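**Q** Quick one: the structure is below, questions incoming.
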Amino acid sequence: MSKSNFSRRGVLKTGAVTAGGLMLPTYLRADAHAGYTNAPQGDTVKIGFNVPQTGPYAEEGLDELRAQELAVEHLNGMGDGGMLNTFSEQNLDGTGILGKKVEFVTGDTQTKSDVARASAQSMIQKDGVIMVNGGSSSGVAIAVQGLCQEAGIIFMAGLTHSNDTTGKDKKANGFRHFFNGYMSGAALGPVLQNEYGSERSAYHLTADYTWGWTQQESMQASTEAIGWNTVQNVLTPVGAGDFASYLTPVINSGADTLILNHYGGDMVNSLTQAVTQFGLKDKVVNGNDFKIIVPLYSELMAAGAGSNIEGVFGSMNWNWQLQDAGTAAFVKSFGEKYGFPPSGSAHTCYVQTLLYADAVTRAGTFNPCGVVEALEDFDFDGMGNGPVTYRGADHQCFKDVLVMKGSENPTNQYDTLEIVEVTPRAQVEYEPDHPMFAGGDLGECNPGA
Amino acid sequence: MLGLNSRDFRLFLIVCALCVFAPILLNPFPVASSLGESFNAGYPALMQRFVIFGLLVIGFNILFGLTGYLSFGHAAFLGVGSFAAVWMFKLLSYNVVPAIILSVVVAGLFSVVIGYIALRRSGIYFSILTLAFAQMMYSIAFSDLVGKLFGTIVTNGETGLQVYNDDPQILMSEGSPTVPHLFGLEMNSAFTWKVGGWEFVFQNGYYLSAIFMILGFYLSIRIFRSPFGMMLRAIKSNQTRMSYTGLDTKPYMLAAFVISGMYAGLAGGLLAAMDPLTGAERMFWTASGEIVVMAILGGVGTLVGPVLGAGVIKYLENIVSKINDSILHNWFAFMPDWLENLMVTVIHPFIGKGWHLTLGLLFMAVVIFLPGGLMQLGEKIATLFGRKKKSDDAKSGATEPAE
Numbered sequence: 001m002s003k004s005n006f007s008r009r010g011v012l013k014t015g016a017v018t019a020g021g022l023m024l025p026t027y028l029r030a031d032a033h034a035g036y037t038n039a040p041q042g043d044t045v046k047i048g049f050n051v052p053q054t055g056p057y058a059e060e061g062l063d064e065l066r067a068q069e070l071a072v073e074h075l076n077g078m079g080d081g082g083m084l085n086t087f088s089e090q091n092l093d094g095t096g097i098l099g100k101k102v103e104f105v106t107g108d109t110q111t112k113s114d115v116a117r118a119s120a121q122s123m124i125q126k127d128g129v130i131m132v133n134g135g136s137s138s139g140v141a142i143a144v145q146g147l148c149q150e151a152g153i154i155f156m157a158g159l160t161h162s163n164d165t166t167g168k169d170k171k172a173n174g175f176r177h178f179f180n181g182y183m184s185g186a187a188l189g190p191v192l193q194n195e196y197g198s199e200r201s202a203y204h205l206t207a208d209y210t211w212g213w214t215q216q217e218s219m220q221a222s223t224e225a226i227g228w229n230t231v232q233n234v235l236t237p238v239g240a241g242d243f244a245s246y247l248t249p250v251i252n253s254g255a256d257t258l259i260l261n262h263y264g265g266d267m268v269n270s271l272t273q274a275v276t277q278f279g280l281k282d283k284v285v286n287g288n289d290f291k292i293i294v295p296l297y298s299e300l301m302a303a304g305a306g307s308n309i310e311g312v313f314g315s316m317n318w319n320w321q322l323q324d325a326g327t328a329a330f331v332k333s334f335g336e337k338y339g340f341p342p343s344g345s346a347h348t349c350y351v352q353t354l355l356y357a358d359a360v361t362r363a364g365t366f367n368p369c370g371v372v373e374a375l376e377d378f379d380f381d382g383m384g385n386g387p388v389t390y391r392g393a394d395h396q397c398f399k400d401v402l403v404m405k406g407s408e409n410p411t412n413q414y415d416t417l418e419i420v421e422v423t424p425r426a427q428v429e430y431e432p433d434h435p436m437f438a439g440g441d442l443g444e445c446n447p448g449a
Numbered sequence: 450m451l452g453l454n455s456r457d458f459r460l461f462l463i464v465c466a467l468c469v470f471a472p473i474l475l476n477p478f479p480v481a482s483s484l485g486e487s488f489n490a491g492y493p494a495l496m497q498r499f500v501i502f503g504l505l506v507i508g509f510n511i512l513f514g515l516t517g518y519l520s521f522g523h524a525a526f527l528g529v530g531s532f533a534a535v536w537m538f539k540l541l542s543y544n545v546v547p548a549i550i551l552s553v554v555v556a557g558l559f560s561v562v563i564g565y566i567a568l569r570r571s572g573i574y575f576s577i578l579t580l581a582f583a584q585m586m587y588s589i590a591f592s593d594l595v596g597k598l599f600g601t602i603v604t605n606g607e608t609g610l611q612v613y614n615d616d617p618q619i620l621m622s623e624g625s626p627t628v629p630h631l632f633g634l635e636m637n638s639a640f641t642w643k644v645g646g647w648e649f650v651f652q653n654g655y656y657l658s659a660i661f662m663i664l665g666f667y668l669s670i671r672i673f674r675s676p677f678g679m680m681l682r683a684i685k686s687n688q689t690r691m692s693y694t695g696l697d698t699k700p701y702m703l704a705a706f707v708i709s710g711m712y713a714g715l716a717g718g719l720l721a722a723m724d725p726l727t728g729a730e731r732m733f734w735t736a737s738g739e740i741v742v743m744a745i746l747g748g749v750g751t752l753v754g755p756v757l758g759a760g761v762i763k764y765l766e767n768i769v770s771k772i773n774d775s776i777l778h779n780w781f782a783f784m785p786d787w788l789e790n791l792m793v794t795v796i797h798p799f800i801g802k803g804w805h806l807t808l809g810l811l812f813m814a815v816v817i818f819l820p821g822g823l824m825q826l827g828e829k830i831a832t833l834f835g836r837k838k839k840s841d842d843a844k845s846g847a848t849e850p851a852e
């Protein structure tokens with residue numbers, strides 16, 4: 001063991017340092033008095049972009065990140081301002097948020113809830129972010145939303161389409177701009193009735209997780225409302241790769257319509273197999289031409305499925321081909337920076353970042369409770385979706401939904417989908433206590449420390 | 450002291466000191482500096498992971514390091530422990546004591562059953578059996594088959610299990626904390642100490658986890674030095690010869706398997722106690738693989754190696770994965786533009802989403818040049834700089850395999 005020599009000087013020195021050290025914390029804990037977690041200090045404010053950069057939804061995540069970086073540029077007054085110029089609220093003037101320059105940190109969720117939470121925690125505890133934006137996959141979004149609620153941080157959800165995000169898992173500190181499974185069903189129903197009549201039998205293949213379940217439930221309800229018959233619903237594991245064994249029974253089931261409640265790579269695989277391997281599109285059942293429906297579309301999936309999506313119906317939150325001023329401004333600045341049009345998930349993350357900045361400006365504070373109040377029942381326009389409302393009861397945005405169809409004659413590689421109908425918002429609205437959304441509790445806004 | 454020889458006791462004290470002062474040691478840079486923004490790891494969530502995964506791999510090392518049986522399904526016990534803990538939060542209250550106790554018990558029960566079957570085979574077949582069990586448990590949890598059987602929710606599938614406001618929580622009274630707590634001591638409350646530009650966060654949850662890791666570490670030293678540990682090493686050396694001498698190795702194997710399963714359950718319970726949400730992905734085979742990588746990276750069969758391996762991987766996953774190009778540009782801003790861009794281009798593949806690549810290269814380097822893991826590196830450095838007399842002292846951290 002070591003032996004120590006005490007000297008008078010040594011003892012005095014150690015004593016003084018210890019005493020000083022013990023006294024410091026008592027008056028240096030200033031941040032605790034701001035009244036909420038991570039109150040911005042100095043002339044900058046930090047926000048966190050938590051998206052999948054690896055894993056099955058990496059493509060979507062990286063596109064989200066591009067849009068988020070663009071949003072920060074616009075908030076800080078760089079670039080051409082994008083949607084800031086078309087946004088119905090003109091509070092943001094390119095000087096950051098409340099005069100503070102916006103900085104951001106990024107994290108990789110890997111499309112796993114645990115990793116996403118670890119990454120969000122590091123943003124909150126280490127980087128001191130005031131808001132987290134992102135989350136592809138509903139499971140991840142729900143997990144991170146819960147975390148932000150506990151930590152007292154605002155969560156602006158990105159790509160999450162499950163009814164549960166603003167249904168039974170809704171949280172006061174979480175907001176979703178993206179549409180949901182119910183809205184897809186409600187928008188698709190009438191279009192499908194128009195196109196395919198009301199005498200059909202549907203067979204569902206459904207991704208086995210929260211999004212798949214609620215998406216299937218919504219589609220079944222809306223197709224049965226137009227008189228269709230549901231033959232069967234088969235759950236398939238996420239990332240199955242080969243769907244042949246699930247597709248084989250479809251032909252002899254008596255169904256004449258296949259509804260693929262799949263997303264990302266799963267949808268690309270199942271649709272490709274259904275069309276090329278089983279030739280379902282060329283079959284005739286019950287005197288009807290066999291049809292395939294993909295309720296939730298994205299540009300990246302459409303590109304992956306190639307010509308197989310020709311004539312296949314689906315729905316989207318937003319598409320770059322829309323003609324309004326907001327869309328034009330966003331597509332222009334995104335295209336100039338990156339050289340291709342933005343995807344729907346990029347749009348939703350971009351808009352969410354601007355909406356947060358605007359809510360802070362209107363509230364005059366970064367305090368989450370102030371932001372929640374500013375966003376609840378907030379009406380805005382000029383962000384590419386027409387007039388939109390953030391409903392206070394469940395923090396879900398209500399806006400028009402796009403019904404899409406795979407292009408028959410694409411003119412270029414980005415022109416894979418065409419807009420069939422812009423379903424008016426009134427048609428996709430529902431009550432907060434609708435059975436598909438009931439059971440949750442928004443709780444109180446939590447400002448944290 | 451404490452039944453340890455002086456060398457082990459010194460090692461134990463070092464580990465204790467590292468745990469206690471981790472919030473300071475892991476934050477070597479001032480908060481506002483660019484190094485601090487990138488490399489400081491002393492925030493509670495990451496420190497919790499360091500000690501919890503350290504605990505997990507310490508347990509894994511009792512099985513793999515001593516007996517040489519490579520379990521490729523240890524994450525299953527971690528997941529089971531987490532589920533048990535979250536259910537305690539849902540049914541009883543946010544007090545972590547019942548949660549942690551049940552997580553250890555449940556993981557122990559599962560490991561008795563799985564161990565009993567899997568230990569009928571050795572070598573690669575044992576690994577495959579454990580992997581198969583873990584994947585079965587993952588699938589059951591992911592699709593919530595148990596829940597569907599009873600028409601309720603047990604694991605809640607892909608969404609994961611979390612506590613809702615309308616859960617029973619029968620032991621909750623009016624004033625009870627609504628976050629995990631130890632008899633009122635909230636896990637997520639912390640004390641922040643600011644000194645100059647530095648900021649150190651001392652969090653209750655971290656220290657609770659650290660106490661458990663220190664206890665687990667102490668237990669592991671005792672097992673390593675016990676006749677039981679010697680028996681396990683003998684199994685690693687030559688199990689057949691053991692059987693020929695008339696010794697039944699099965700009970701020893703099963704005991705080691707269950708102990709390491711309970712360690713994993715405890716780690717799972719602690720993870721849930723720090724962050725009351727869990728999901729099936731915690732049981733996925735990549736999570737099991739990560740445990741194996743942690744052990745090998747740190748040094749299989751050594752006492753502190755596993756903790757080191759867990760620390761390195763969690764550091765890379767949480768710190769390196771968050772470095773992005775704009776941070777790189779800041780670092781190299783002093784260089785001429787062309788050099789700055791060149792440096793960023795060169796480093797780009799290894800940061801952010803490329804952290805797996807960095808980990809892979811590090812792992813390859815360790816396996817090729819340091820088969821004994823990072824602990825071997827420590828030894829080499831110690832022998833390089835140490836005096837002659839130190840040569841055996843340097844091994845203090847590393848227990849040599851028996852063969």
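Residue numbers (the numbering used here), protein chains in the order written: chain V, 1 to 449; chain Z, 450 to 852. Beta carbons: idealized from backbone N, C-alpha and C, even for Gly. Quick caveat: nothing in here was measured; it's all calculated off a predicted structure.
1. Buried or exposed: where does I573 of chain Z fall if 16 or more other Cβ atoms within 10 Å of its Cβ makes it buried?
2. Counting only C-beta atoms, is G572 of chain Z closer than 7 Å to chain V at any point?
3. Compare the C-alpha of V234 of chain V against each of V:T248, V:E224, V:A225 and V:S222 and name the closest.
4. Strictly below 7 Å CB to CB, what residues from chain Z border V105 of chain V?
5. Indicate whether the contact test is met: 3 or more Cβ pairs, each with one atom in the region 523-536 of chain Z and one in the region 671-686 of chain Z, closer than 8 Å.
6. If the cut is a Cβ gap below 7 Å, which residues of chain V does K539 of chain Z touch?
7. Compare the Cα-Cα distances from R391 of chain V to each of V:A141, V:V275, V:E373 and V:M404 and report the closest residue.
8. Can you list, in chain order, the residues of its chain whose CB lies under 8 Å from that of V506 of chain Z, leaving out five sequence neighbours each side?
9. Figure out for me which residue from Z:M723, Z:F818 and Z:G738 has the closest Cα to the Cα of L657 of chain Z.
10. Return the chain-ordered list of same chain residues with a C-beta closer than 8 Å to the C-beta of N173 of chain V, the five sequence neighbours on each side being excluded.
11. If distances are taken between C-alpha atoms only, which option among V:A426, V:H395 and V:L442 comes closest to R176 of chain V?
12. When the Cα atoms are used, what is the spatial distance from K440 of chain V to K170 of chain V?
13. Under 7 Å between C-beta atoms, does A143 of chain V make it to chain Z?
14. Taking only three categories from DSSP, how would you classify Y565 of chain Z?
15. Starting from D289 of chain V, follow its DSSP beta bridges and name the residues at the other end.
16. What are the boundary residues of the beta strand (DSSP E) that includes E150 of chain V?
17. Quick one: measure Cβ to Cβ for G750 of chain Z and L451 of chain Z, integer angstroms, because I've assumed they're closer than 8 Å.
18. By the criterion of Cβ-Cβ separation under 8 Å, what are the contact partners of L726 of chain Z in chain V?
19. Check whether the Cβ atoms of Y246 of chain V and S137 of chain V lie closer than 7 Å to each other.
20. Identify, in the order they occur along the chain, each residue of the same chain with its Cβ nearer than 6 Å to the Cβ of P547 of chain Z, setting aside the five sequence neighbours on each side.
21. Quick one: measure Cβ to Cβ for A118 of chain V and G135 of chain V, integer angstroms, because I've assumed they're closer than 8 Å.
22. Whole angstroms is fine: what's the gap from L24 of chain V's alpha carbon to F651 of chain Z's?
23. List the residues of chain V that Y587 of chain Z touches, going by C-beta distances under 7 Å, in chain order.
24. By Cβ distance below 8 Å, which residues in the same chain neighbour L703 of chain Z in space, the five residues on each side in sequence not counted?
25. Anyone know if the C-beta pair for M316 of chain V and V351 of chain V falls short of 7 Å?
26. What are the boundary residues of the alpha helix (DSSP H) that F591 of chain Z is part of?
27. To the nearest angstrom, report how far apart F521 of chain Z and F509 of chain Z are at their CA atoms.
28. Reducing DSSP to helix, strand and coil, say where L594 of chain Z ends up.
29. Take the Cβ of V795 of chain Z as the centre, count every other Cβ of all protein chains shown within 10 Å, and call the residue buried at 16 or more, exposed below.
30. Excluding the 5 residues flanking R9 of chain V on each side, which residues of the same chain have their C-beta closer than 7 Å to its C-beta?
31. Assuming N91 of chain V and T361 of chain V are in contact, meaning their beta carbons sit under 8 Å apart, how far apart are those beta carbons, in whole angstroms?
32. Taking C-beta pairs closer than 8 Å, name the residues in chain Z that D256 of chain V reaches, listed in chain order.
33. Entirely within the region 381-447 of chain V and at least 4 residues each: give me those alpha helix (DSSP H) ranges in chain order.
34. Who are the neighbours of L495 of chain Z on chain V, taking C-beta pairs under 9 Å?
35. Does chain V have any CB closer than 7 Å to the CB of R456 of chain Z?
36. Compute the Euclidean distance between the alpha carbons of G448 of chain V and G35 of chain V, then round it to the nearest angstrom.
**A** Working from what's here:
1. Working through the second sequence from its first residue, we reach residue 573 of chain Z at position 124. A residue is called buried once 16 or more other Cβ atoms fall within 10 Å of its Cβ, and I573 of chain Z, having fewer, is exposed.
2. Within the second sequence, the letter at position 123 stands for residue 572 of chain Z. Judged by the 7 Å Cβ criterion, G572 of chain Z is not in contact with chain V.
3. The residue you call residue 234 of chain V lines up with position 234 of the first sequence. Out of V:T248, V:E224, V:A225 and V:S222, V:T248 has the C-alpha closest to the C-alpha of V234 of chain V.
4. On the first sequence, residue 105 of chain V is found 105 positions in, with the first residue counted as 1. K771, listed in chain order.
5. Taking one beta carbon from each stretch, the region 523-536 of chain Z and the region 671-686 of chain Z have fewer than 3 pairs nearer than 8 Å; the two do not touch.
6. Position 90 of the second sequence holds residue 539 of chain Z. What K539 of chain Z touches in chain V: nothing, since even the nearest Cβ is about 14 Å away.
7. For the purposes of this step, residue 391 of chain V is taken as the residue at position 391 of the first sequence. Nearest C-alpha to R391 of chain V among V:A141, V:V275, V:E373 and V:M404: V:E373.
8. In the second sequence, counting from the first residue as 1, residue 506 of chain Z sits at position 57. The answer, listed in chain order, is I740, M743, A744, G747, P755, V756, G758 and A759.
9. Position 208 of the second sequence, counted from the first residue, corresponds to residue 657 of chain Z. Its Cα nearest to that of L657 of chain Z, the residue Z:M723 stands out among Z:M723, Z:F818 and Z:G738.
10. Residue 173 of chain V sits at position 173 when you count from the first residue of the first sequence. Cβ-Cβ distances below 8 Å link N173 of chain V to Q145, C148, Q149, G152, I153, I154, F155, P368, V372, C445 and N446 in the same chain, with the five nearest sequence neighbours on each side left out; the list follows chain order.
11. Here residue 176 of chain V refers to the residue found at position 176 when the first sequence is read from its first residue. If we check each option's Cα against that of R176 of chain V, V:H395 comes out closest.
12. Within the first sequence, the letter at position 440 stands for residue 440 of chain V. Within the first sequence, the letter at position 170 stands for residue 170 of chain V. The sequence given here has Gly at residue 440 of chain V, not Lys. Cα to Cα, G440 of chain V sits roughly 6 Å from K170 of chain V.
13. Counted from its first residue, the first sequence places residue 143 of chain V at position 143. Judged by the 7 Å Cβ criterion, A143 of chain V is in contact with chain Z.
14. Within the second sequence, residue 565 of chain Z is the residue found at index 116, counting from 1. In this structure, DSSP gives Y565 of chain Z a helical state, which the three-state scheme calls helix.
15. Start at 1 with the first residue of the first sequence, and residue 289 of chain V comes out as number 289. Looking at the DSSP output, D289 of chain V sits in a beta bridge with V:V284.
16. One-based indexing of the first sequence puts residue 150 of chain V at position 150. Counting along the chain, no beta strand (DSSP E) covers E150 of chain V; the unbroken alpha helix (DSSP H) around it starts and ends at S138 to A151.
17. Within the second sequence, numbered from 1, the residue matching residue 750 of chain Z stands at position 301. Within the second sequence, numbered from 1, the residue matching residue 451 of chain Z stands at position 2. Their Cβ separation, rounded to whole angstroms, is 22 Å, which puts G750 of chain Z and L451 of chain Z out of contact at 8 Å.
18. For the purposes of this step, residue 726 of chain Z is identified with residue 277 of the second sequence, where counting begins at 1. The answer, in chain order, is S113, R117, A143, G146 and L147.
19. What you label residue 246 of chain V is simply residue 246 of the first sequence in a count that begins at 1. What you label residue 137 of chain V is simply residue 137 of the first sequence in a count that begins at 1. Against a cut-off of 7 Å, the Cβ pair of S137 of chain V and Y246 of chain V comes out as no contact.
20. For the purposes of this step, residue 547 of chain Z is identified with residue 98 of the second sequence, where counting begins at 1. Non-local C-beta neighbours of P547 of chain Z in its own chain, meaning closer than 6 Å and more than five positions away in sequence, comprise M537 and L541, ordered along the chain.
21. Within the first sequence, the letter at position 118 stands for residue 118 of chain V. Within the first sequence, the letter at position 135 stands for residue 135 of chain V. In fact, because the Cβ distance is near 14 Å, the residues do not count as touching under 8 Å.
22. For this step, residue 24 of chain V is matched to residue 24 along the first sequence. For this step, residue 651 of chain Z is matched to residue 202 along the second sequence. Note that L24 of chain V scores 47 on pLDDT, short of 50, meaning its location in the model is unreliable; the coordinates nonetheless yield the value given after this. Each residue's alpha carbon lies about 15 Å from the other.
23. As a working mapping, residue 587 of chain Z is identified with position 138 in the second sequence. Taking the beta carbon of Y587 of chain Z as reference, no residue of chain V falls within 7 Å; the closest one sits roughly 11 Å away.
24. Taking the second sequence and counting its residues from 1, one reaches residue 703 of chain Z at position 254. The answer, listed in chain order, is V561, G564, Y565 and L568.
25. For this step, residue 316 of chain V is matched to residue 316 along the first sequence. For this step, residue 351 of chain V is matched to residue 351 along the first sequence. No. Outside cutoff.
26. As a first step, residue 591 of chain Z is located in the second sequence; it is residue number 142 there, counting from the start. Where F591 of chain Z is concerned, the enclosing alpha helix (DSSP H) stretches over G572 to F591.
27. Along the second sequence, read from residue 1 onward, the residue named residue 521 of chain Z stands at position 72. Along the second sequence, read from residue 1 onward, the residue named residue 509 of chain Z stands at position 60. The straight-line gap from Cα to Cα measures roughly 10 Å.
28. Position 145 of the second sequence, counted from the start, is the residue given in the question as residue 594 of chain Z. Look at L594 of chain Z here: in three-state DSSP terms it is helix.
29. Mapped onto the second sequence, residue 795 of chain Z falls at position 346. Per the 10 Å Cβ criterion, exposed.
30. Indexing the first sequence from 1 puts residue 9 of chain V at position 9. Result list for R9 of chain V: empty, nothing under 7 Å.
31. What you label residue 91 of chain V is simply residue 91 of the first sequence in a count that begins at 1. What you label residue 361 of chain V is simply residue 361 of the first sequence in a count that begins at 1. With 8 Å as the limit, N91 of chain V and T361 of chain V qualify as a contact, their Cβ atoms being about 4 Å apart.
32. Residue mapping note: residue 256 of chain V aligns to position 256 of the first sequence, counting from 1. Here the premise fails: no neighbours, minimum Cβ distance about 29 Å.
33. Every unbroken stretch of the alpha helix (DSSP H) spanning 4 or more residues and falling wholly within the region 381-447 of chain V is given here in chain order: 425-428.
34. On the second sequence, position 46 is the one that residue 495 of chain Z refers to. Neighbours of L495 of chain Z on chain V, chain order: A118, Q121, S122, Q125 and K126.
35. Here residue 456 of chain Z is taken as the residue at index 7 of the second sequence, counted from 1. The beta carbon of R456 of chain Z does not come within 7 Å of any beta carbon belonging to chain V, so the residue lies off that interface.
36. Along the first sequence, one-based indexing puts residue 448 of chain V at 448. Along the first sequence, one-based indexing puts residue 35 of chain V at 35. Taking the straight line joining both Cα atoms gives about 8 Å.
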